[in-house]
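Beneath this line is the structure, given in structure tokens, with notes to follow.
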Amino acid sequence: MICDSKGVHDDDVSFQHNYKITWGMPHVSLLDHGREVQLSIDKYSGAGFRSKLDYVSGFFQMRLKIPNKDSRGVVTAFYLTSRAYNGVGGIHDELDYEFLGNNGRPYTLQTNIFASDKGGREQRFNLWFDPTMDFHTYGILWNQHQIV
């Protein structure tokens, strides 16, 4: 997996100003004078980051290219969670985009929503395009009226 993500506030603010790398530092590259991050994966590990800020709504977007060979056992994920990084802090809410690993087509995107610690809202979509061939843009619009 390779993903690119830009800071959401201002193009002149560095990625590290708003986000913290949480694991896999050897798989993280800062690009565009630190305003963009590229995460990579190999057969041993990947990488992750989290926001230093809290949000109650917004539009969250990333450009992603998933692994192109046998990726069984790998879940490439983009998710928003209310849980603190250490995993404690009461009930949580979460929005998930998960690309399920496989050994060929169809490529599957699974989404899920957790509200007050209750999930069970999984939906799976067989993609009509090959997400391994190029970067594609994915986003979540979240406001008081809808999650799209």
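Read in order, the letters of the sequence shown are residues 0 to 147 in numbering that gives the first Met the number 0. Every residue, glycine too, gets a C-beta built ideally from N, C-alpha and C. If you're wondering where the values come from, they're calculated on a predicted model, not measured in any experiment.
{"Asked": "Contact defined as beta carbons within less than 8 angstroms: I believe Tyr78 pairs with Ser50. What is the distance between those atoms, to the nearest angstrom?", "Found": "Contact doesn't hold; Cβ gap of about 12 angstroms is too wide."}
{"Asked": "In terms of residue numbering, what span does the alpha helix (DSSP H) encompassing Asn17 cover?", "Found": "Phe14 to Asn17"}
{"Asked": "List the whole-angstrom C-beta distance separating Leu120 from Ile112, where the pair is believed to meet the contact cut-off of C-beta under 8 angstroms.", "Found": "First, the residue type needs correcting, since residue 120 is Arg and not Leu in the sequence shown. About 5 angstroms; that satisfies the 8 angstroms criterion."}
{"Asked": "Residue range of the beta strand (DSSP E) that Ile112 falls in?", "Found": "Thr107 to Phe113"}
{"Asked": "Consult DSSP for Lys5 and reduce its assignment to one of helix, strand or coil.", "Found": "With a pLDDT of only 45 at Lys5, under 50, the local geometry of the prediction cannot be trusted, and the value read off the model is given with reservation. Three-state DSSP puts Lys5 in a strand."}
{"Asked": "Are the region 131-141 and the region 50-61 in contact at 8 angstroms, needing three or more beta carbon pairs?", "Found": "yes"}
{"Asked": "With 16 as the cutoff for other CB atoms within 10 Å, does Pro130 come out buried or exposed?", "Found": "buried"}
{"Asked": "Measure how close the beta-carbons of Tyr96 and Ala76 come, nearest whole angstrom, since I'm counting them as under 8 angstroms.", "Found": "7 angstroms"}
{"Asked": "Compute the minimum distance between the beta carbon of Gln109 and the heavy atoms of the ligand GDP, and state whether it is under 7 angstroms.", "Found": "The ligand GDP is absent from the structure shown, which contains no ligand whatsoever."}
{"Asked": "With a threshold of 7 angstroms on Cβ separation, who are the neighbours of Leu94 within its own chain once the five nearest residues in sequence on each side are excluded?", "Found": "Tyr78, Leu79, Ile112, Ile139, Trp141 and Ile146"}
{"Asked": "Determine the direct distance from the alpha carbon of Lys42 to that of Trp22, and round the result to whole angstroms.", "Found": "16 angstroms"}
{"Asked": "Can you grab the Cα-Cα spacing for the pair Ile20 / Asn125, in whole Å?", "Found": "31 angstroms"}
{"Asked": "Taking 8 angstroms as the limit between beta carbons, can you name the residues of its chain near Met24, skipping five residues before and five after?", "Found": "Ala46"}
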